[in-house]
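Peer 1: Got a structure here, written out as structure tokens. Questions coming.
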Amino acid sequence: MKQYPVQFINLKNGETIAYRQSGTKGDIIILVHGNMSSYVHFQVVMEQLENDYQVYALDLRGFGDSSFKNPLNSLHDFAEDVELFVNALDLDNFNILGWSTGGGIILEVAADLKRRVKKIFLLDSVGIKGYPMFKKDEKGKPILTQMISTKEEIAADPIQVLPILQAYESNNRAVLRMIWDSVIYNQNKPSEEDYELYLDAIFKQRNLVDVDYSLVHFNMTNDSNGVTDGSGRMDLITAPIVILHGVNDLVVPISFAEEMKSYFKDRATLIKFEGAGHSVITDNLDLFITTLKKHL
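Residue numbers (my numbering): 544 to 839.
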């Protein structure tokens, strides 16, 4: 995996955003990562695109090499950082791609910046009504009639959150590797060298509970998601949307992508990747790049 130099930019809100950049010509593409990840995960994509596009991949607040001075309570908080980032670099008429949690963030960006966004790419994205979390029974199974919504409840979740917080605290790479192997790299795995770099980046996350809280409360529709009423902000988005989703995604099931398409209707195109899971980039990089270029 090619390594791109880390650059830093100070935002007007006091946060410092780390980013990597490739390419000097062509359309602009901004890459926004998801939970438990970093811009490091996008470097294989940057290398494939650098001859034809200007690519920017940033670490979100509380991830990787970026600062975490203020807590986050919504995906829109993350979006505001992205907006300050593009303003500071004077980027306009750009394409933007969000992976997983990053998908929800870029939808908020697109609702704010409207026609400055050329096209939206949602890669294995969180749903338009967020990502629900449920109380667990004595066997650790979700109780689907009991949703959790506070940061305290989320931090204490014995299955989805607490083990990760403990792994971060103890630098337990084996636990993180087990999680990624079982639910993210369930189709293909990266090279051992790249995997170690990804783990290094994952362990820099400091905002896990804030992210999970933001996902639970994310809802851009006009309907309730069981925790919060929708903001209706999906109606503010003017850019065309391309939904890219692995059929075998175990983190964000394909049904989330289908629901996204049903809400945006003709404003969105849904492309399903057979034989791919939550990390399409790892499962079939060539197909991903070919599909992305076709729709840029």
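Even glycine gets a Cβ: it sits at the ideal position worked out from N, Cα and C.
Using only CA atoms, which one of Asn553, Gly566, Lys555, Asn556 lies nearest to Tyr547?
Peer 2: Closest by alpha carbon: Gly566.
Peer 1: Distance, Cα to Cα, Ile707 vs Asn715?
Peer 2: Between Ile707 and Asn715, the C-alpha separation is close to 9 angstroms.
Peer 1: If we ignore side chains and look at the alpha-carbon of each, how far apart do Val754 and Asn578 end up?
Peer 2: Approximately 7 angstroms between the Cα atoms of the pair.
Peer 1: How should Leu841 be labelled, buried or exposed, when 16 other C-beta atoms within 10 angstroms of its C-beta is the threshold for buried?
Peer 2: In the structure as shown, the chain starts at 544 and stops at 839, and residue 841 therefore has no counterpart that could be examined.
Peer 1: Mind reading off the beta-carbon distance from Lys747 to Gly607? Whole number of angstroms is fine, and I expect it under 8 angstroms.
Peer 2: Sure, about 5 angstroms apart at Cβ, within 8 angstroms.
Peer 1: Which same chain residues, not among the five before or five after Phe677, have their C-beta less than 7 angstroms away from its C-beta?
Peer 2: Here the set comprises Pro685, Ile686, Leu687, Gln689, Met690, Ile691.
Peer 1: Smallest Cα separation from Glu593: which of Pro614, Lys612, Ile571?
Peer 2: Of Pro614, Lys612, Ile571, the residue nearest in Cα terms is Ile571.
Peer 1: Measure how close the beta-carbons of Phe628 and Val660 come, nearest whole angstrom, since I'm counting them as under 8 angstroms.
Peer 2: Not really, about 14 angstroms apart at Cβ, beyond 8 angstroms.
Peer 1: Would you kindly check if the distance between the Cβ of Val598 and the Cβ of Gln564 is under 8 angstroms?
Peer 2: Taking 8 angstroms as the Cβ cut-off, Gln564 and Val598 qualify as a contacting pair.
Peer 1: Considering only the alpha carbon of each residue, which of Gly557, Met544, Met777 lies closest to Gln591?
Peer 2: For the residues Gly557, Met544, Met777, the minimum Cα distance to Gln591 belongs to Met544.
Peer 1: Rounded to whole angstroms, what's the CA-CA distance from Phe761 to Tyr582? Just pull it up for me.
Peer 2: Computed Cα separation, rounded: 22 angstroms.
Peer 1: Determine the contact status of Gly537 and Gly773, defining contact as a CB-CB distance below 8 angstroms.
Peer 2: The structure shown does not extend to residue 537, since the chain is modelled only from 544 through 839, so no value can be given for it.
Peer 1: What residue does the beta strand (DSSP E) around Val840 start on, and which one ends it?
Peer 2: The displayed coordinates of the chain run from 544 to 839. Any statement about residue 840 would go beyond what the structure contains.
Peer 1: Quick check: what's the CA-CA separation for Arg776 versus Lys662?
Peer 2: Distance between the alpha carbons of Arg776 and Lys662: 17 angstroms.
Peer 1: Assign Tyr547 to one of three DSSP states: helix, strand, or coil.
Peer 2: Residue state, collapsed to three classes: coil.
Peer 1: Just verifying my parser: in three-state terms, what is the DSSP assignment at Val567?
Peer 2: Sequence inspection shows Thr at residue 567; the Val mentioned does not correspond to that position. In this structure, Thr567 counts as coil in the three-state DSSP scheme.
Peer 1: When DSSP builds the beta bridges, which residues end up paired with Pro614?
Peer 2: None, per the DSSP bridge assignment.
Peer 1: Once you ignore the five residues that flank Leu779 on each side, which residues in its own chain have a CB closer than 6 angstroms to its CB?
Peer 2: Around Leu779: Ala654.
Peer 1: Restricting to Cα atoms, I'd like to know which of His838, Asn791, Gly683 is closest to Phe816.
Peer 2: The shortest C-alpha separation from Phe816 is found at Asn791.
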